[in-house]
Amino acid sequence: MDSREEEEIIEKGMWDYKVVTETRSSPDIDSYGDGKIRTENFMKNLRILQEYEEIANEVTPFGDLDLNNKISYLENNSVRIYGLVITGPSKEILKLKEEEWVTNIKVGEVRFWNWK
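Numbering (the numbering used here), first residue to last: 286 to 401.
In C-alpha coordinates, the structure reads:
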(Lines of atoms letter the chains of each structure in order from A and count residues from 1; the text may use other names and numbers.)
(Lines give C-alpha, C1' and ligand atoms only; values in the text may rest on other atoms or scores of the structure.)
Protein backbone atom coordinates (compact mmCIF):
# COMPACT_ATOMS: atom_id res chain seq x y z
CA MET A 1 0.00 0.00 0.00
CA ASP A 2 1.26 3.49 -0.88
CA SER A 3 2.14 5.29 2.38
CA ARG A 4 -0.36 8.06 1.59
CA GLU A 5 -3.31 5.72 1.06
CA GLU A 6 -6.03 4.97 3.54
CA GLU A 7 -7.95 1.72 3.59
CA GLU A 8 -11.26 1.07 5.28
CA ILE A 9 -12.94 -2.33 5.40
CA ILE A 10 -16.49 -2.62 6.68
CA GLU A 11 -17.86 -6.05 7.49
CA LYS A 12 -21.05 -7.31 9.03
CA GLY A 13 -20.23 -8.69 12.44
CA MET A 14 -22.03 -10.98 14.83
CA TRP A 15 -25.50 -9.76 15.93
CA ASP A 16 -25.54 -7.15 13.13
CA TYR A 17 -22.73 -5.08 14.63
CA LYS A 18 -20.61 -3.20 12.12
CA VAL A 19 -16.89 -4.04 12.16
CA VAL A 20 -14.63 -1.32 10.76
CA THR A 21 -10.95 -1.87 10.12
CA GLU A 22 -8.91 1.16 9.11
CA THR A 23 -5.32 1.31 7.95
CA ARG A 24 -3.53 4.63 7.79
CA SER A 25 0.07 5.57 7.39
CA SER A 26 2.04 8.79 7.36
CA PRO A 27 3.95 9.62 4.21
CA ASP A 28 7.60 8.69 4.05
CA ILE A 29 9.91 11.64 4.62
CA ASP A 30 10.86 11.54 0.91
CA SER A 31 7.19 11.99 0.00
CA TYR A 32 7.38 15.50 1.42
CA GLY A 33 10.04 16.37 -1.14
CA ASP A 34 12.89 18.67 -0.34
CA GLY A 35 13.66 20.42 2.94
CA LYS A 36 11.78 23.54 1.89
CA ILE A 37 8.50 21.62 1.56
CA ARG A 38 9.04 19.81 4.88
CA THR A 39 9.75 23.15 6.59
CA GLU A 40 6.63 24.72 5.08
CA ASN A 41 4.50 21.78 6.28
CA PHE A 42 5.98 21.95 9.78
CA MET A 43 5.41 25.71 10.04
CA LYS A 44 1.88 25.32 8.70
CA ASN A 45 1.13 22.79 11.45
CA LEU A 46 2.58 25.09 14.12
CA ARG A 47 0.33 27.92 12.93
CA ILE A 48 -2.71 25.62 13.10
CA LEU A 49 -1.70 24.64 16.65
CA GLN A 50 -1.25 28.33 17.45
CA GLU A 51 -4.95 28.90 16.69
CA TYR A 52 -5.77 26.46 19.50
CA GLU A 53 -2.87 27.28 21.79
CA GLU A 54 -5.07 27.70 24.85
CA ILE A 55 -6.35 24.14 24.48
CA ALA A 56 -2.86 22.85 23.64
CA ASN A 57 -1.46 24.45 26.80
CA GLU A 58 -4.05 22.54 28.84
CA VAL A 59 -2.98 19.14 27.52
CA THR A 60 0.79 19.55 27.19
CA PRO A 61 3.03 18.44 30.06
CA PHE A 62 5.47 21.26 29.19
CA GLY A 63 3.45 24.22 30.45
CA ASP A 64 3.02 27.30 28.27
CA LEU A 65 3.94 26.51 24.67
CA ASP A 66 4.59 30.20 23.85
CA LEU A 67 4.09 29.49 20.15
CA ASN A 68 4.35 33.15 19.07
CA ASN A 69 7.94 33.19 20.31
CA LYS A 70 8.81 29.77 18.89
CA ILE A 71 7.31 30.49 15.47
CA SER A 72 9.14 33.82 15.31
CA TYR A 73 12.43 32.10 16.18
CA LEU A 74 11.93 29.42 13.53
CA GLU A 75 11.00 31.99 10.88
CA ASN A 76 14.29 33.80 11.59
CA ASN A 77 16.51 30.74 12.06
CA SER A 78 14.90 28.01 9.94
CA VAL A 79 13.96 24.45 10.83
CA ARG A 80 16.61 21.76 10.89
CA ILE A 81 16.04 18.02 11.23
CA TYR A 82 18.65 16.48 13.50
CA GLY A 83 17.10 13.12 14.18
CA LEU A 84 13.98 11.12 14.64
CA VAL A 85 12.38 8.62 16.96
CA ILE A 86 11.46 5.15 15.78
CA THR A 87 9.39 2.69 17.76
CA GLY A 88 9.64 -1.01 17.10
CA PRO A 89 11.50 -4.21 17.89
CA SER A 90 15.13 -3.49 18.92
CA LYS A 91 16.51 -6.07 16.47
CA GLU A 92 14.76 -4.36 13.56
CA ILE A 93 15.87 -0.89 14.63
CA LEU A 94 19.48 -2.01 15.02
CA LYS A 95 19.43 -3.28 11.42
CA LEU A 96 19.33 0.39 10.41
CA LYS A 97 23.04 0.62 11.32
CA GLU A 98 23.70 -0.98 7.94
CA GLU A 99 22.05 1.91 6.11
CA GLU A 100 24.40 4.49 4.59
CA TRP A 101 22.28 7.47 5.68
CA VAL A 102 22.25 6.46 9.35
CA THR A 103 25.09 8.05 11.30
CA ASN A 104 24.18 7.07 14.86
CA ILE A 105 21.65 4.89 16.66
CA LYS A 106 20.77 4.97 20.32
CA VAL A 107 18.32 2.41 21.68
CA GLY A 108 16.53 3.99 24.61
CA GLU A 109 13.71 2.56 26.65
CA VAL A 110 13.04 -1.12 25.95
CA ARG A 111 9.77 -2.79 26.86
CA PHE A 112 8.72 -6.33 26.12
CA TRP A 113 5.73 -6.66 23.81
CA ASN A 114 3.89 -9.60 22.37
CA TRP A 115 4.47 -8.97 18.66
CA LYS A 116 2.47 -12.03 17.53
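Ideal Cβ placement from N, Cα and C applies to all residues, glycine included.
- Sequence-distant Cβ neighbours of LYS382 in its own chain, meaning closer than 8 Å and more than five residues away, are ILE390.
- The beta carbon of PHE327 sits closer than 7 Å to the beta carbons of VAL364 from its chain, once the five residues preceding and following it are set aside; these are given in chain order.
- C-alpha of PRO374 to C-alpha of ASP349: approximately 34 Å in a straight line.
- Comparing C-alpha distances from GLU394 to each of ILE378, VAL387 and TRP386 shows the shortest one belongs to ILE378.
- In terms of CA proximity to VAL392, VAL370 leads the group VAL370, GLU384 and TRP386.
- In this structure, ARG332 keeps its C-beta atom at 8 Å or more from the C-beta atom of ILE366.
- Here the C-alpha atom of ARG323 lies approximately 22 Å from the C-alpha atom of GLU338.
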